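Numbering (our numbering), first residue to last: 4 to 557.
For reference, the structure discussed in these notes is given below.
Have a look at this one:
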C-alpha cells in the first residue's frame, strides 16, 4: 500500500469517527447547557465558591466572571511555579524564573499552552498535574462557556441575560470534559502511553553519556491536552514523544480528540437556536476549509523534488517514521486549524508552502473547526460579517437568525477580527526592528522571519505550537508572547459577550421573501469566501515575506 493511499484511508476513518460522534455528543452538550438540574458534586462546588447557579447574568457580569476567574488562575499557577522547589514531587527541579513563570501561567490559562521550557527538565509532578493539567480543563471550559453565551444571545429575545458563567464553567468541566477524558486516558494507556508518578531514572547509554527520563501522569494530561484543544506537552517533543503518542493508532485517536468537541458544537448551536440546518451550514463551512487544508498539506509534503525526497517518499525531515507524511500532515492541519498547538512533527522542517499552511491555519482565527468554544464563536462572528457583506450586495438590512445586524453589532464584530492581526503584526514588526530579538533566530532570511511571525501568530491566536528554531526562552519573548496570549484570548471575549448581550436584547425579526437563507450551501460558500478573503488581505504581505518567499525559492 502506498503512503498516499494509507493517508487517504486514515483521513476517511477519521471523518467516519467524527460523523458517528457528531449527533450524540452535540445533542448531549445542548442538554448540558440547557438543563436546570444540578448534580450533587456541582452543588458542592457552587457552595465552595459562593455561586448561585440559577442567577442569570447580563453580559458585563458574565464577562467579570470570566476575567476574575482567569486572573485568579494566572496568579495561582504563577505562584505554584515560583515555589516549585519547595513542593513535594518536584523531582529536584528548582523554581521557575519570573518571566518564564508568567509566560507559562498566561499560556495555560489562555488555552494557548505555549512552552518556552523543556517539560521533562523543568516541571515536577505537582506543577504538571495539579497546575498545568487542571488549567487544561478549566481554560477549555471557559471557552465553551463564552461560546454558549453567544449562542444564547441568538436564541433569546427581549432580555439581556446570557445564563450563569459559574454554572456553564462547572457543567462543561464536570459533565463533558472529565467523563470523555477518563475514557480517552484509558484508550491512550491501552495504546502504550505512560501513566505513573515515577522519578528520574537512567535508561542506558546515549552517544557516550547516560540518558535519563522521568515518568509522569502523561496519558491523563495528554487526553485533555487534545480534547480541550490545549496542546502543551508533558515532554518537550510533545506528541512526537513515544510516551505521549506511541503509535499510528494513538496518533489518529489524538487527532479525533482534537476535532471532536469543536465540530460537535455546531450541532449544539443548531439545537439551541432551534434550527439544526443552521448548525449544518456552519459545520459545512468548517469542514470545507479543514478538508481543503488537509489535502493541500498532504499534496505539498508528498511532492517529490530530488533524489532525497524520492527515496523517503516525500518530505520526511522533522517527521516521525512511525507516523509518516500522512499522519504528520493530518495532525499538523488539525492542530493549527484549532487552538491546540500540539505537534507530532516539527513545522519548521516542513516545505516552505507546508509551513505557510500551518501558519495560515492559525491566521484564519482557528475557526475550522477552531478551539473548544473559541472556534464556534469565531465562526459565528465571521457569519455575521458574511451576512453584512451579502446585505450590502442587495441593499438590504442584514439579518442573521432573526436578529438585525446593525451598526453596533458590526462594530463589535469588526473589533473582534482586528484584535489578533494587530497583535501578531505589531509584535512581529517590533521584534524584527529591534536587534536583540533577532538574535534568537536560528535561520536568516525568509525562514528566520517565519520563525518570529509564527511565534506571535501562535501566541496571539492562542494556538501554542512552535515553528522550532527560535529560542523563545528570553525575557523579551517570554514577556511579549505572554502579553499577546492574554490580550489575544480575553479582548475578543469582551466583544463576543457584548455582541451576545446586544443580540439577546432584540426582538425577533420575522422572515420574509427577501431574507437571506443562512442555512443553505450558497451561504456556506459565501462564508468560506469571506473568511479566506479577510484573512488573505490581512496577512498576505507578511506571508509573502516568509513562507511564500521560501516556497517559491525552493
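Ideal Cβ positions, reconstructed from N, Cα and C, are used throughout, including at glycine.
None of these values were measured; they are calculated from a predicted model.
Euclidean distance between Cα positions of residue 492 and residue 73
Within the chain shown, numbered from 1, the residue matching residue 492 stands at position 489. Within the chain shown, numbered from 1, the residue matching residue 73 stands at position 70. About 11 Å.
As assigned by DSSP and simplified to three states, the class of residue 444:
If you number the chain shown from 1, residue 444 lands on position 441. In this structure, residue 444 counts as strand in the three-state DSSP scheme.
Presumed contact (8 Å Cβ cut-off) between residue 243 and residue 116, rounded CB distance:
Position 240 of the chain shown, counted from the start, is the residue given in the question as residue 243. Position 113 of the chain shown, counted from the start, is the residue given in the question as residue 116. Residue 243 to residue 116, Cβ: 15 Å. No contact.
Runs of 4 residues minimum, wholly inside the segment 216 to 283: which ones carry the alpha helix (DSSP H) assignment?
221 to 230, 251 to 276
Would you check if the distance between the CB atom of residue 283 and the CB atom of residue 295 is smaller than 8 Å?
Taking the first residue of the chain shown as 1, we reach residue 283 at position 280. Taking the first residue of the chain shown as 1, we reach residue 295 at position 292. Against a cut-off of 8 Å, the Cβ pair of residue 295 and residue 283 comes out as no contact.
Using C-beta distances below 8 Å, list every residue in its chain close to residue 37, excluding the 5 sequence neighbours before and after it, in chain order.
Reading the chain shown from its first residue, position 34 is the one you call residue 37. Here the set comprises 275.
Counting C-beta neighbours from all protein chains within 10 Å, is the total for residue 543 16 or more, i.e. buried, or is it exposed?
Within the chain shown, residue 543 is the residue found at index 540, counting from 1. Exposed, because fewer than 16 other Cβ atoms sit within 10 Å of the Cβ of residue 543.
For residue 396, is the classification buried or exposed, using 16 other Cβ atoms within 10 angstroms of its Cβ as the cut-off for buried?
Indexing the chain shown from 1 puts residue 396 at position 393. By the 10 Å Cβ count, residue 396 comes out exposed.
Measure from the alpha carbon of residue 255 to the alpha carbon of each residue in 468, 334, 281, then state which is nearest.
By one-based count along the chain shown, residue 255 stands at place 252. Closest option to residue 255, Cα to Cα, is 334.
My understanding is that residue 368 touches residue 381, with C-beta atoms under 8 Å, so please give their C-beta distance in whole angstroms.
The residue you call residue 368 lines up with position 365 of the chain shown. The residue you call residue 381 lines up with position 378 of the chain shown. Yes, residue 368 and residue 381 are in contact; Cβ-Cβ is about 5 Å, under 8 Å.
If we ignore side chains and look at the alpha-carbon of each, how far apart do residue 236 and residue 193 end up?
Start at 1 with the first residue of the chain shown, and residue 236 comes out as number 233. Start at 1 with the first residue of the chain shown, and residue 193 comes out as number 190. Whole-angstrom Cα-Cα distance: 19 Å.
Leaving out the 5 sequence neighbours to the left and right, which residues in its chain are closer than 8 Å to residue 35 when beta-carbon positions are compared?
Indexing the chain shown from 1 puts residue 35 at position 32. Here the set comprises 174, 175, 178, 179.
Check whether the Cβ atoms of residue 559 and residue 297 lie closer than 8 Å to each other.
With the chain running from 4 to 557 in the structure shown, residue 559 is simply not present.
Quick one: is residue 203 buried, meaning 16 or more other Cβ sit within 10 Å of its Cβ, or exposed?
The residue you call residue 203 lines up with position 200 of the chain shown. Exposed is the call here.
Hey, would you say residue 65 sits closer than 8 Å to residue 141, going by beta carbons?
Taking the first residue of the chain shown as 1, we reach residue 65 at position 62. Taking the first residue of the chain shown as 1, we reach residue 141 at position 138. Not closer than 8 Å, so no.
Give me, in chain order, the residues of the same chain whose beta-carbon lies closer than 8 Å to that of residue 531; leave out the 5 immediate sequence neighbours on both sides.
Here residue 531 refers to the residue found at position 528 of the chain shown. Around residue 531, the same chain offers 288, 291, 292 as residues with beta carbons nearer than 8 Å, after the five sequence neighbours per side are excluded.
Taking residue 475 and residue 447 to be in contact with their CB atoms under 8 Å, please state how far apart those CB atoms are, rounded to whole angstroms.
As a working note, residue 475 is residue 472 in the chain shown. As a working note, residue 447 is residue 444 in the chain shown. With 8 Å as the limit, residue 475 and residue 447 do not qualify as a contact, their Cβ atoms being about 17 Å apart.
Does the segment 497 to 515 come into contact with the segment 82 to 99, if we say contact requires no fewer than three beta-carbon pairs (one atom in each stretch) closer than 8 Å?
no
Just verifying my parser: in three-state terms, what is the DSSP assignment at residue 46?
If you number the chain shown from 1, residue 46 lands on position 43. Three-state result, residue 46: helix.
Straight-line CA distance for residue 271 to residue 431?
For the purposes of this step, residue 271 is taken as the residue at position 268 of the chain shown. For the purposes of this step, residue 431 is taken as the residue at position 428 of the chain shown. About 37 Å.
Run through DSSP, which three-state label would residue 121 get?
Numbered from its first residue, the chain shown carries residue 121 at position 118. In the structure shown, residue 121 sits in coil (DSSP, three-state: anything other than H, G, I, E or B).
What does a CB cutoff of less than 7 Å around residue 548 pick up in its chain, not counting 5 residues either side in sequence?
Against the chain shown, residue 548 aligns to sequence position 545. Cβ neighbours of residue 548 beyond the five flanking positions: 449, 452.
Go through its chain and collect everything with a Cβ distance to residue 147's Cβ below 6 Å, but skip five positions before and after it.
Taking the first residue of the chain shown as 1, we reach residue 147 at position 144. Hits under 6 Å: 175, 375, 376.
Apply the 10 Å Cβ neighbour rule to residue 124 and answer buried if 16 or more other Cβ atoms are within range, or exposed otherwise.
Here residue 124 refers to the residue found at position 121 of the chain shown. Answer is exposed; the Cβ neighbour count stays below 16.
Would you tell me roughly how many angstroms separate the C-alpha atoms of residue 426 and residue 304, rounded to the nearest one?
For the purposes of this step, residue 426 is taken as residue 423 along the chain shown, with counting starting at 1. For the purposes of this step, residue 304 is taken as residue 301 along the chain shown, with counting starting at 1. Going from the Cα of residue 426 to the Cα of residue 304 covers about 30 Å.
Can you name, in chain order, every residue of its own chain whose Cβ lies under 6 Å from the Cβ of residue 351, other than the five neighbours on each side?
Walking along the chain shown from the start, residue 351 turns up at place 348. 470, 471, 472, listed in sequence order.
Exposure label - residue 4; buried when at least 16 CB within 10 Å
Here residue 4 corresponds to residue number 1 of the chain shown, with the count starting at 1. Classification of residue 4: exposed, given that the 10 Å Cβ count is below 16.
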